[in-house]
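In what follows, a structure is listed as structure tokens, so that the remarks can point back to it.
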Amino acid sequence: MSTQNIVLSGFMGSGKSTIAKALATNLDKFMLDCDYILEGFNAMKAKDMRAKFGDLAFKISQEKMFLFLKNSVKNSVIATGGNMHWLSLNELGVNFYLKTSFETIIDRLSKDKNELEKRPIFQDMQKACKLHVQTQDKFSQMANFTIVTDDKSIELVKDEILNLIKEKL
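Whatever position you read off the sequence shown (first residue = 1), add 857 for our numbering.
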């Protein structure tokens, strides 16, 4: 498993980036955050890209990034974007779905006002909740493993993933 990628998927605010940093350190792998990669590819923030060019252009950019990662990246922990549920994320590596309730996500994001503000979907909570419900099955179906993160610390989620890697991979 030395060069195999570990992929973290889940809804926006489920802790993918935070857990990816912790895992990368423990596994001696690179950590890649798809949100930052996408912004780097396009030289603008994701929310600005969507506002300026629309959802279709945003998805095309996501797909280009996905293909780049699939064809070029090894030995990494990849924190996917929370809206990448439509891509075959398990093609990037072993996919861990961080399943998090909508209530937990809101609670986590509300602790830092900037976190909610930088995610436009959360300006309309009904729309965000509906999207959360719609994407859960998609994330779950493509995942190799599902980790429920509610009421768990970063350390506990990280250790749960590390144990699964040791036992199953």
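By construction, the Cβ of each residue, glycine as well, lies at the ideal position given by its N, Cα and C atoms. Every value quoted in this text rests on a predicted model; they were computed, and no experiment measured them.
Of all alpha-carbon atoms in S945, D1008 and R907, the one lying nearest the alpha-carbon of Q998 is that of S945. S929: member of the alpha helix (DSSP H) spanning A903 to S929, first to last residue. Remark: fewer than three beta-carbon pairs, one from each stretch, lie closer than 8 angstroms, so the segment 907-921 and the segment 959-969 are not flagged as touching. For D885, the number of other beta carbons within 10 angstroms of its own is below 16, and it is reported as exposed. Shown here, K956 sits in a strand according to DSSP, grouped into three states. Three or more Cβ pairs closer than 8 angstroms define a contact, and the segment 893-905 falls short of that threshold against the segment 984-995. Contact holds between the segment 858-874 and the segment 926-934, because three or more Cβ pairs, one in each stretch, are under 8 angstroms apart.
A908 is positioned such that its CB atom lies no closer than 8 angstroms to that of F953.
Between the alpha carbons of D892 and T937 lies a gap of roughly 7 angstroms. Less than 8 angstroms separates the beta-carbon of M869 from that of I978. I863: member of the beta strand (DSSP E) spanning I863 to S866, first to last residue. Within the model, the alpha-carbon separation for G911 versus R976 is close to 15 angstroms. Minimum Cα-Cα distance from D994 among the listed residues W943, G950 and A914 corresponds to W943.
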